[in-house]
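Numbering (my numbering), first residue to last: 149 to 426.
The beta-carbon is built from N, C-alpha and C at its ideal position, and this holds for glycine as well.
Since this is a predicted model, take the numbers as computed values, not measurements.
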Ligand SMILES: O=C(O)CCC(=O)C(=O)O
């Protein structure tokens with residue numbers, strides 16, 4: 149399904165957008181489904197917004213996590229063969245599925261500061277990978293995902309304080325000045341696959357009237373021996389469960405230092421993850 153050029157791009161840049169992997173009819177169905185789930189609040193969304201200022205758009209539209217554990221539509225999407233086949237081609241072996249998330253990102257909502265997913269998932273050996281599907285037309289104005297090409301080859305970076313006026317999460321990772329950060333402009337049904345070490349994030353939705361909804365799956369390599377507890381149980385693409393060690397609590401992390409006039413990452417520290425989820 150993927151061309152050699154697409155696989156080469158994923159290997160080189162750490163990400164790949166597969167255009168139109170899902171149809172407009174399917175994405176319209178997902179939009180309606182998740183808007184209904186948000187209205188019903190059968191299962192609360194991300195609880196970090198519970199005590200927040202009611203004028204924060206994310207209080208009404210908090211992201212939801214791990215919906216596939218109670219919602220069949222989410223489970224079927226997470227294990228959809230089109231995603232499984234693309235990931236198998238990109239990784240060389242079928243991965244295990246560990247997380248679903250839906251971001252509504254309504255007009256005025258904050259984004260998420262630059263980060264690396266495997267900081268949270270702690271998949272070892274190797275890393276995790278994401279399938280990030282656009283449910284709306286997504287661009288800089290409504291807060292598309294921004295990616296740092298090539299950063300998948302960096303180790304996990306030690307985190308610093310994020311600007312919480314712009315980001316709903318309070319940690320970020322520093323990148324050297326002048327490092328290219330590329331906006332991923334997408335249409336409904338496009339799926340962005342990216343490596344779990346890739347630095348990525350998004351800015352606020354600055355539009356008055358456009359949601360930026362995205363449906364996200366996280367996967368870990370099929371030879372993973374460990375993953376953080378929140379992501380267990382891992383699932384094979386046939387839906388069966390895989391038991392994996394969930395003991396990792398933190399990991400080594402790196403800081404930027406100058407070596408021979410060049411910025412390089414030196415792994416110096418050990419960081420404990422305080423929150424269970426990203
Ligand atoms: O959609 C966003 O704004 C951030 C999502 C993200 O960081 C992720 O899927 O790992």
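Taking the beta carbon of residue i as the centre, do at least 16 other beta carbons fall within 10 Å, making it buried, or is it exposed?
| i | result |
| --- | --- |
| residue 149 | exposed |
| residue 189 | exposed |
| residue 308 | exposed |
| residue 228 | buried |
| residue 273 | exposed |
| residue 373 | exposed |
| residue 290 | buried |
| residue 178 | buried |
| residue 351 | buried |
| residue 388 | exposed |
| residue 180 | exposed |
| residue 218 | exposed |
Between which two residues does the alpha helix (DSSP H) containing residue i stretch?
| i | result |
| --- | --- |
| residue 173 | 172-188 |
| residue 234 | 229-239 |
| residue 222 | 220-226 |
| residue 262 | Run containing residue 262: none in the alpha helix (DSSP H); it sits in the beta strand (DSSP E), 260-263. |
| residue 379 | No alpha helix (DSSP H) contains residue 379, which DSSP labels as neither H nor E. |
| residue 266 | 266-269 |
How far does the beta strand (DSSP E) with residue i in it reach, from first residue to last?
| i | result |
| --- | --- |
| residue 153 | Note, residue 153: premise wrong, no beta strand (DSSP E); alpha helix (DSSP H) at 152-161. |
| residue 277 | 276-282 |
| residue 372 | Careful: residue 372 lies outside any beta strand (DSSP E) and carries neither H nor E. |
| residue 206 | Residue 206 -> not in any beta strand (DSSP E); alpha helix (DSSP H) instead, spanning 205-208. |
| residue 331 | 330-332 |
| residue 245 | 244-251 |
| residue 388 | Careful: residue 388 lies outside any beta strand (DSSP E) and carries neither H nor E. |
| residue 350 | 348-350 |
Is the beta carbon of residue i less than 8 Å from the beta carbon of residue j?
| i | j | result |
| --- | --- | --- |
| residue 368 | residue 243 | yes |
| residue 361 | residue 163 | no |
| residue 202 | residue 353 | no |
| residue 264 | residue 305 | yes |
| residue 336 | residue 284 | yes |
| residue 261 | residue 332 | no |
| residue 416 | residue 398 | no |
| residue 241 | residue 370 | yes |
| residue 280 | residue 347 | no |
| residue 411 | residue 324 | yes |
| residue 186 | residue 252 | yes |
| residue 341 | residue 238 | yes |
Note down, in chain order, each residue of its chain lying with its Cβ closer than 6 Å to the Cβ of residue i, except the 5 sequence neighbours on either side.
| i | result |
| --- | --- |
| residue 212 | 193 and 250 |
| residue 205 | 254, 256 and 257 |
| residue 215 | 222 and 248 |
| residue 334 | 282 and 286 |
| residue 168 | 337 |
| residue 300 | 162, 343, 345 and 346 |
Return the chain-ordered list of same chain residues with a C-beta closer than 7 Å to the C-beta of residue i, the five sequence neighbours on each side being excluded.
| i | result |
| --- | --- |
| residue 276 | 265, 266, 269, 344, 366, 367 and 368 |
| residue 375 | 246, 269, 270, 271, 368, 382, 392 and 394 |
| residue 233 | 149 |
Skipping 5 residues on each side, what residues in its chain have a beta carbon closer than 8 Å to that of residue i?
| i | result |
| --- | --- |
| residue 328 | 296 and 297 |
| residue 315 | 258, 259, 260, 261 and 349 |
| residue 172 | 336 and 337 |
| residue 319 | 261, 263, 307, 308, 309 and 310 |
| residue 436 | Since the first and last residues shown for the chain are 149 and 426, residue 436 lies out of range. |
| residue 175 | 281, 282, 283, 336 and 337 |
Flag residue i as yes if its beta-carbon sits less than 8 Å from any beta-carbon of chain B, otherwise no.
| i | result |
| --- | --- |
| residue 219 | Included in the structure is just one protein chain, with no chain B present. |
Q) Who's in the neighbourhood of ligand 3, going by beta-carbon under 7 Å from any heavy atom, listed in chain order? A) Of the ligands this structure carries, namely ligand 1, none is ligand 3.
Q) Can you list, in chain order, the stretches of the beta strand (DSSP E) that have 3 or more residues and sit fully within the region 396-421? A) The qualifying runs are 398-407 and 410-420.
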